[in-house]
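Worksheet: one structure, shown below.
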Amino acid sequence: MSPSLRSSLPALIVDVVLVVVFAAIGRATHDGDILGPFGSGLATTAWPFVVALLVGWLVARAWRRPTAVVATGLPVWAITVMLGVVLRAFSGQGIAVAFVIVATLTLALLLLGWRGIARLATRSRRA
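Counting in my numbering, the sequence shown runs from -15 upward without gaps.
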C-alpha cells in the first residue's frame, strides 16, 4: 500500500462509519430495529450509500487530500448522495423527496462536518 493510501485510510474509515451511522439512524427512526432480520437490515439500507461513497472517493481522488472540505469533501458528499439515491431506487428501496432532503442534509453534516473539524484542529496545532 502506498504511503498516501496508508495515511488516508483513517479518513476513509471515518467516512464509511459515518455513512453506516446515517443508515443506522434512519433504520432506528423508521423501523425501530437497526439490524433487521439476521443483521441484514442495516446492510440493505447502507450498501447503496457505501458503494456511492467509494465511487466518490475514486472520482475525487480523496486519498490525495482526505480532509480537504472543498476539494474532497464536496465531491465525495455530492456523489454519495446522488449515486446513493439512484442505487437505493434501483434496489427497490424508497426514495421519497423528504428522504432525499434528509439524506442530503445529514450526509453534508457528517461528511463535511468532520473534515471541517479536522481542518480547524490541524490549524490550532500549527498556531
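From the three backbone atoms N, C-alpha and C, an ideal C-beta is built for every residue, glycine too.
Treat the numbers as computed from the prediction; the structure is a model and nothing was measured.
- It is roughly 9 Å from the alpha-carbon of V60 to the alpha-carbon of L96.
- Per the coordinates, the alpha-carbon of I63 lies some 6 Å from the alpha-carbon of A36.
- Short of 8 Å from the beta carbon of L94, and not among the five residues preceding or following it, lie these beta carbons of its own chain, in chain order: L2, V3, V5, F6.
- Between F22 and G68, the C-beta gap is not smaller than 8 Å, which leaves the two residues out of contact.
- Within the segment -5 to 76, the complete alpha helix (DSSP H) segments at least 4 residues long are 24 to 44, 58 to 74, listed from N- to C-terminus.
- Between G76 and T28, the alpha-carbon positions lie close to 11 Å from each other.
- Within the same chain, and ignoring the five residues on either side of T88 in sequence, the residues whose Cβ sits closer than 6 Å to its Cβ are V65.
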